[in-house]
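Participant:
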Amino acid sequence: MDPGASGNDSVVTEFVLLGLTKTPALRPILFVIFLLAYVATVGGNFSILAAILAEPKLHTPMYFFLGNLSLLDVGCISVTVPAMLGHFMSSNRSILYRSCLSQLFFFHLLAGVDCFLLTVMAYDRYLAICQPLTYSTRMSWGIQRALAGMSCVFSFTNALTQTVAVSTLNFCGPNVINHFYCDLPQLFQLSCSSIQLNEQLLFVAAAFMGVAPLVLITVSYGHVAAEVLRIRSAEGRKKAFSTCGSHLTVVGIFYGTGVFSYMRLGSGEASDKDKGIGILNTVISPMLNPVIYSLRNPDVQGALRRVFTGRQPPT
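Under full-length UniProt numbering, the first residue of the sequence shown is numbered 1, with each subsequent residue one higher.
1) Between residue 61 and residue 114, which are expected to be in contact by the criterion C-beta below 8 Å, what is the C-beta distance as a whole number of angstroms?
2) Determine the contact status of residue 143 and residue 17, defining contact as a CB-CB distance below 8 Å.
3) Can you look up residue 268 in the DSSP assignment and give me helix, strand or coil?
4) If contact is defined by three or more beta carbon pairs under 8 Å, each pair taking one atom from either stretch, is the segment 158-168 in contact with the segment 190-204?
5) Helix, strand or coil: which one does DSSP assign to residue 55?
6) Who are the Cβ neighbours of residue 46 in its own chain at under 8 Å, not counting the five residues just before and after it?
7) In whole angstroms, give me the CA-to-CA distance for residue 303 and residue 254.
8) Suppose the cutoff is 6 Å on Cβ atoms and the five residues either side in sequence are ignored; what does the same chain contact list for residue 273 look like?
9) Taking only the alpha-carbon atoms, compute the straight-line gap between residue 268 and residue 122 and give it to the nearest angstrom.
10) Mapping DSSP to helix, strand and coil, what is residue 151?
11) Are three or more beta carbon pairs between the segment 86-103 and the segment 175-184 nearer than 8 Å?
12) Can you tell me where the alpha helix (DSSP H) with residue 109 in it begins and where it stops?
13) How long is the line joining the alpha carbons of residue 187 and residue 279, rounded to whole angstroms?
14) How many Å lie between residue 77 and residue 286 at the Cα?
15) Using a Cβ distance threshold of 8 Å, determine whether the segment 226-241 contacts the segment 140-158, with at least three qualifying pairs required.
The following block contains the structure:
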């Protein structure tokens with residue numbers, strides 16, 4: 001420990017991540033499991049991206065946002081899992097103060113963009129089903145890029161604000177984090193200075209990036225459900241709902257894990273439940289998303305087959 005090393009009054013220059021287990025015999029097993037999960041996530045999401053790029057039929061706004069979501073999933077798991085794999089293979093579980101803040105920043109940046117893109121995708125489905133005559137105008141290529149860009153700007157602002165606010169806290173010991181990556185709840189527990197401002201900032205962020213998008217998604221799908229129920233054909237209703245089912249599943253997993261991750265801010269001690277929720281949020285969700293989006297989508301399945309077999313799409 002070195003006073004002032006972090007640029008403020010903090011005396012902590014590094015944190016110790018306890019990780020998922022204290023049992024040495026389990027570490028090689030967990031290393032293999034999470035390495036396979038990481039490879040599957042990266043491979044699955046890049047396969048979805050390759051299918052979208054290679055298949056002209058998928059050059060639509062919905063798949064443009066899905067391609068961006070795939071990149072975010074790769075980035076999100078890459079922020080946490082490679083470092084965790086390194087800790088499995090080493091007795092040194094320390095992480096530098098600056099590295100911890102960097103991990104915090106990129107995690108909130110990517111998760112925030114993910115949150116906004118899920119909202120934009122719900123809006124896209126609303127326009128496609130409820131306003132089909134104006135869909136091409138309201139979801140033009142320029143508007144798609146603008147929505148994606150705004151998502152990045154809003155998320156970057158929040159991630160930078162949260163990281164700078166955390167950097168003003170004093171950490172004078174202990175420096176042990178009962179988790180496998182750095183996040184706000186765990187750092188708040190270790191601070192020896194007031195975290196009132198940080199909690200207020202996080203509350204505002206939760207309202208702006210959590211509650212508001214969830215309300216917009218709910219309203220969008222309320223209109224979609226009402227419109228679909230007016231369709232007389234059972235086949236038409238099934239097709240319309242199938243385009244929304246995958247997205248709603250991903251929204252449920254994303255927001256479900258996010259709520260449980262931050263609802264324990266007032267608790268004094270971190271627990272293994274936090275680690276389990278963290279795994280769902282940073283590993284399981286990005287790994288499942290490609291499966292969810294391709295499982296019931298014949299267009300994506302056909303594009304994936306052509307990518308892997310090298311066949312050209314039909315003209």
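Just so you know, even glycine gets a beta-carbon here, dropped at the ideal spot from N, CA and C.
Facilitator: Straight from the coordinates:
1) Mapped onto the sequence shown, residue 61 falls at position 61. Mapped onto the sequence shown, residue 114 falls at position 114. Their Cβ separation, rounded to whole angstroms, is 17 Å, which puts residue 61 and residue 114 out of contact at 8 Å.
2) The residue given as residue 143 occupies position 143 in the sequence shown. The residue given as residue 17 occupies position 17 in the sequence shown. Residue 17 is positioned such that its CB atom lies no closer than 8 Å to that of residue 143.
3) Your numbering for residue 268 matches position 268 in the sequence shown. The pLDDT assigned to residue 268 is 49, lower than 50, so where the model puts this residue is not dependable; a value taken from the coordinates is nonetheless given after this. In the structure shown, residue 268 falls within a coil segment according to DSSP collapsed to helix, strand and coil.
4) As far as the Cβ criterion goes, the segment 190-204 touches the segment 158-168, which means the pair count is three or higher.
5) Your numbering for residue 55 matches position 55 in the sequence shown. Look at residue 55 here: in three-state DSSP terms it is coil, with no helix or strand label.
6) Numbered from 1 along the sequence shown, position 46 holds the residue referred to as residue 46. Cβ neighbours of residue 46 beyond the five flanking positions: 70, 74.
7) As a working note, residue 303 is residue 303 in the sequence shown. As a working note, residue 254 is residue 254 in the sequence shown. When rounded, the separation of the alpha-carbon atoms in residue 303 and residue 254 is 26 Å.
8) As a working note, residue 273 is residue 273 in the sequence shown. Excluding the 5 residues flanking it on each side, residue 273 has no same chain C-beta neighbour closer than 6 Å.
9) Position 268 of the sequence shown, counted from the first residue, corresponds to residue 268. Position 122 of the sequence shown, counted from the first residue, corresponds to residue 122. The pLDDT assigned to residue 268 is 49, lower than 50, so where the model puts this residue is not dependable, and the model offers no usable value.
10) As a first step, residue 151 is located in the sequence shown; it is residue number 151 there, counting from the start. Note: residue 151 maps to helix in three-state DSSP.
11) Yes, the segment 86-103 touches the segment 175-184.
12) By 1-based counting over the sequence shown, the position of residue 109 is 109. Where residue 109 is concerned, the enclosing alpha helix (DSSP H) stretches over 97-130.
13) Counting from 1 along the sequence shown, the entry for residue 187 is found at position 187. Counting from 1 along the sequence shown, the entry for residue 279 is found at position 279. Looking at the two C-alpha atoms, the distance is approximately 18 Å.
14) Here residue 77 refers to the residue found at position 77 when the sequence shown is read from its first residue. Here residue 286 refers to the residue found at position 286 when the sequence shown is read from its first residue. Linking residue 77 to residue 286 through their CA atoms gives a straight-line distance of about 7 Å.
15) These segments do not touch.
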